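Residues -31 to -1, 1 to 919 (mature numbering (1 follows the signal peptide of the UniProt record, and there is no 0)) make up the sequence shown, in order.
For reference, the structure is listed below as structure tokens.
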Amino acid sequence: MEEVLLISRFITRSLILLSLCFLCFPPGVVCDTGNVSTSSNSSSKPKVINIGALFTLNSVLGEAAKPAIQAAVDDVNSDPTILNGVQLKLLISDTNCSGFIGTMEALQLMESDVVAAIGPQSSGIAHVISHVVNELHVPLLSFGATDPTLSSMQYPYFLRTTPSDHFQMYAIADIVDYYGWREVIAIFVDDDYGRSGISVLGDALAKKRAKISYKAAFSPGDTESKINDLLVEVNLMESRVYVVHVNPHTGLNIFSVAKALNMMGSGYVWIATDWLPSYLDSKDAVDSNTMNILQGVIALRHYTPDTDLKKSFMSKWNTLKYKGSAGHAGFNSYALYAYDSVWLAAHALDGFLNEGGNLSFSYDPKLHDTNGSMLHLASLRVFNGGEQLLQTLLRMNFTGVSGQIQFDPDKHLVHPAYDVLNIVGTGTRRIGYWSNYSHLSVVPPESLYTKPPNISTGSQHLYSVIWPGDTTSTPRGWVFPNNGQPLRIAVPNRVGYKEFASKDKSPQGVRGYCIDVFEAAISLLPYAVPHTYMLYGDGKRNPSYNELVRRVAQNVYDAAVGDITIVTNRTKIVDFTQPYMESGLVVVAPVKEAKSNPWAFLKPFTAEMWLVTAMFFLFVGAVVWILEHRINSEFRGPPRRQLITICWFSFSTMFFSHRENTVSTLGRMVLIIWLFVVLIINSSYTASLTSILTVQQLTSGIQGIDSLISSTEPIGIQDGSFALNYLVDELNIAQSRIVKLKNPEAYLRALKLGPKKGGVAAIVDELPYVELFLSNTNCLYRIVGPEFTKSGWGFAFQRDSPLAVDMSTAILQLSENGDLQKIHNKWLTHSDCSSQVNQVDENQLSLNSFWGLFLICGIACVLALTIFCCRVFTQYRRFSPEDEESEIETIELSRSSRRSIRSTSFKQIIDFVDKKEEEIKEMLKRKNSNSNKQQTSIHSFSDGQASSPS
């Protein structure tokens, strides 16, 4: 009994002193060399350097790490190219999975003046030991502590030689996103390792718009009974995707209990972190019972490239003398990282010594024993070269058996990567890889490092998976909670338009178009959806649909079914299905038959069309006159007569009654094209005028939403509709003008009274309501103007509800097979009012419909005029009236008149053009005859001169 009390007192005092030590001397305090006294120094290279190893020997990771570390020390000591004959001495301490024992072992190890420590593999123990090595400036190289928080600046001397769980959790998030799941349940051990890893997983999932719906934590020592209770609880929840982040020695219990609870069957998804492959790899042969409970599980394993170094190490593993048994037993990926940790320390020490580093230790006066203390704190010495060695470690870059050993600025190994495994049959099959460079792929990561990184959705690939239940179909990832509670569906308790949704005396409790669509869609789902309808509203007035949607977001209801419009503010808090009915705001106003108009004959064409048509009549007439004037006597005469001929000919072509004949080829070509244009214009005019005069036209004082905005008259809306917010907030209509109406009877009464008698000038409401309202009013009211918003009706579900996606697919299926239209015809058949309101302007024909015809006609006219001018210019060049010119010149000189040569030439051209074609030809013929006579006389005179005597 006394021995027990002494031991208890010793442990208690030790814990108190350790706590005081850590509180009084935070990391970095003893780095001040002014406070330390050097007790030993070495000016030359030592023959032996002590390095320590701290880990749990009797564990899955420890059984792999111990022989690997010992083999690495032997390989370093036998390699003459490193450390120049200096030998490494390995001091191993067993932490025995205890933070307290680990601290004691660490203190004892530090008494041996170690310059570096390998381990531990436990994240919890690493947190405690890191405080010790921080104080003594001894780098701690951990091959198994994967807690992401250990990378913080709080632990400067902690250096991880294995990938952090930060990357593993992002790999799991990518897998979850790849298969389209939105919620997972995290099952983890409640310690530093488990909590920190799951915290990072939550952050990673949030970036993929997914989440952890429930965190199921358990203590490392919990019995199977407690684990059973935990799994029963999570099995009642919606998500069927489980992420298991535990220790190897407790993880198999999770799957064993899950198998007993039938949670390893079809529809379930289990994703295990690297603890599971580490356990399976360390066994020569896993028993069949263990493999049976793991069928279909997805697991991640550290990826290490298949280099020659790795193959050589693997070939030596089976014959390592430090192993307790022969064969492959005990090996896993952590053995590779432990082996490389020793080589990392050796390379760093070699560089440290070559740079002139001094392996010296100093006493810290702050570390002293109190009276009666048995801790021997005074024997702990600070490694003077710790900071320099740490910086040397961070600069290392070499290839080890696990791959490239190099650190990034955050002290992480570069190129972290994982194998994605699927456990099937009696082993595992690789279905792909994950790397921090390109995420999911089916090719080894090192082959992607030479290419640009590509993490787009289309570039992510994995091979097919055999899921739990021996199925290749990707599980949906969720079910309705198995807690005995059906889906709570809110239905608006409407006052008017009960055809859409209303209370009913049937067992279902509700009826209407929206209810039938929901029931038809839910019947197409490949799974049962237990649900119950709950009326929302007092039945005295229409409920607020914004408030109804807010109740769904607040988990008062699971969903809302009814005539719920999909608008922006609502989509921010809930998820809507695909719209099952198109909708939009329209204006309804009283109409009356339009009175006949004496100027109705002008309405078929727009003013622009009338103007262009008239101009072309005159233009074509002028062109034909120019082309016919020289050869057609009907187009000649005094100027007044010719002007009248142009106008008469132009407009008579409208009725094809022109009496003048066209003689020239160019004139006939222009006339044919123009008559075709006139034919089209006449036909269009006749058809449009007939429509205007024969179809009943209705008119309204309200032309549409624009005229409502500019007026000051009251506007009616449906009570509870989103139209109120739209009119006030978006269109800036004064709220005092808005009149809320409960039902169609109130609509009818307000429109009959009108704005002058306390009614409304028009009603703004959604199209489905308006169509139903108009079908019962004998077409006394109509929709005026176009639909000025576009939206639709959908079913509202809670944010990220997977049911919203499946219901959208079902609604599309209803639309494609025609069932949606059948339901519409059942509830919403209505008579259609065919008369148009304010459609005269829309029926007018504009220039846009005929500009092509006018363009063709214009090109033909210009082309004809161009040919005509070229021909006239050619004739003018051949014609040279010399006699007339001489006579004119004599007369002008006698009268002492001065005229420019230019004006004389222009008058000559006009006179030439005005002459008949026959006169021109006769003059050209006479000119040619005179020219021939002159040439003959010249030749005769020349011959006579030649024959006379000189």
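Using N, Cα and C, we set each Cβ at its ideal position, and we do this for glycine too.
What you are looking at is a predicted structure, and each value in this text was computed from that prediction instead of being measured.
So who's on the other strand from Phe367, going by DSSP bridges?
-> According to DSSP, Phe367 bridges with Ile374.
What are the boundary residues of the beta strand (DSSP E) that Asp544 is part of?
-> Val543 to Phe545
Going by CA-CA distance only, name the one from Ser251, Arg840 and Ile671 that's closest to Leu305.
-> Ser251
Considering Trp244, what are the terminal residues of the alpha helix (DSSP H) in which it resides?
-> Trp244 to Asp250
First and last residue of the beta strand (DSSP E) that includes Glu699?
-> Neither: Glu699 is in no beta strand (DSSP E) and is coded neither H nor E.
Contacts around Phe369, its chain only, beta-carbon distance under 8 Å, and the 5 residues preceding and following it disregarded = Here residue 369 turns out to be Gly, not Phe, going by the sequence shown. Excluding positions up to five away in sequence, the list reads Leu278, Leu305, Tyr308, Asp309, Trp312 and Leu313.
Have a look at Trp447 and Phe487 and give me their C-alpha separation to the nearest angstrom.
-> Looking at the two C-alpha atoms, the distance is approximately 20 Å.
State the DSSP-derived secondary structure class of Tyr505, mapped to helix, strand or coil.
-> strand
Over what stretch of residues does the alpha helix (DSSP H) that includes Ile491 continue unbroken?
-> Tyr482 to Ile491
Around the C-beta of Pro421, are 16 or more other C-beta atoms found within 10 angstroms, so that it is buried, or is it exposed?
-> Exposed, by the Cβ-count rule.
Just grab the DSSP bridge partners of Glu152 for me.
-> Per DSSP, the beta-bridge partners of Glu152 are Lys180.
With distances taken from CA atoms, which of Lys759, Leu824, Ile674 and Val774 is nearest Ile752?
-> Ile674
Contact under 8 Å by Cβ, Trp239 with Pro437 = yes
In angstroms, rounded to a whole number, what distance separates the CA positions of Tyr482 and Ser471?
-> 9 Å
Mind reading off the beta-carbon distance from Gln373 to Val389? Whole number of angstroms is fine, and I expect it under 8 Å.
-> About 21 Å separates the two Cβ atoms, so there is no contact after all.
Determine contact between the segment 48 to 57 and the segment 318 to 325, defined as no fewer than three beta-carbon pairs at a distance below 8 Å.
-> They touch, by the three-pair rule.
Exposed unless 16 or more other CB atoms sit within 10 angstroms - verdict on Gly149 = exposed
How long is the line joining the alpha carbons of Pro559 and Ile595, rounded to whole angstroms?
-> 58 Å
Which term fits Arg846, buried or exposed, when burial requires 16 or more other beta carbons within 10 angstroms of its beta carbon?
-> The Cβ neighbour count for Arg846, taken over all protein chains shown within 10 Å, is under 16; the residue is labelled exposed.
Rounded C-alpha distance that separates Ile181 from Ser28 = In this structure, the straight-line span from the alpha carbon of Ile181 to that of Ser28 is close to 30 Å.
What do you get for Glu861, buried or exposed, if any count of 16 or more other CB atoms within 10 angstroms of its CB means buried?
-> Bear in mind that a pLDDT of 47 at Glu861, under 50, signals an unreliable position, so the model cannot answer this.
Please classify Met550: does DSSP put it in a helix, a strand, or coil?
-> Three-state result, Met550: strand.
With 16 other CB atoms within 10 Å as the buried threshold, where does Phe367 fall?
-> exposed
Hey, how far is the Cα of Val215 from the Cα of Arg398?
-> 22 Å
Unbroken alpha helix (DSSP H) run spanning Asn261, endpoints | If you look at Asn261, you'll find it in the alpha helix (DSSP H) that goes Ser257 to Ile262.
Shortest alpha-carbon distance to Phe330 belongs to which of Leu105, Thr622, Asn630 and Gly685?
-> Proximity to Phe330 across Leu105, Thr622, Asn630 and Gly685 peaks at Leu105, based on C-alpha coordinates.
Identify which residue in Gly190, Ile167, Lys177 and Glu193 has its Cα closest to the Cα of Tyr183.
-> Ile167
At what residues does the alpha helix (DSSP H) containing Gly68 begin and finish?
-> Gly68 to Met79
What is the DSSP secondary structure of Gly763, counted as helix, strand or coil?
-> In the three-state scheme derived from DSSP, where H, G and I count as helix and E and B as strand, Gly763 is classed as coil.
For Lys16, which three-state DSSP category applies?
-> Under the three-state reduction of DSSP output, Lys16 falls in the coil class, being neither helix nor strand.
Given 8 Å as the limit, is there contact between the segment 778 to 797 and the segment 498 to 505, that is, 3 or more CB pairs closer than that?
-> no
Leu741 to Ile686 span [Cα, whole Å] | 15 Å
Whole angstroms is fine: what's the gap from Ile154's alpha carbon to Val556's?
-> Put simply, the backbone Cα of Ile154 is about 51 Å away from that of Val556.
Sheet register partners of Trp436 (DSSP bridge) = Beta-bridge pairing links Trp436 to Thr440.
Pull up the distance between the alpha-carbon of Leu456 and that of Phe764, whole angstroms please.
-> 14 Å
Of the residues Ser208, Leu693, Ser705 and Gly68, which one's Cα is nearest the Cα of Pro450?
-> Ser208
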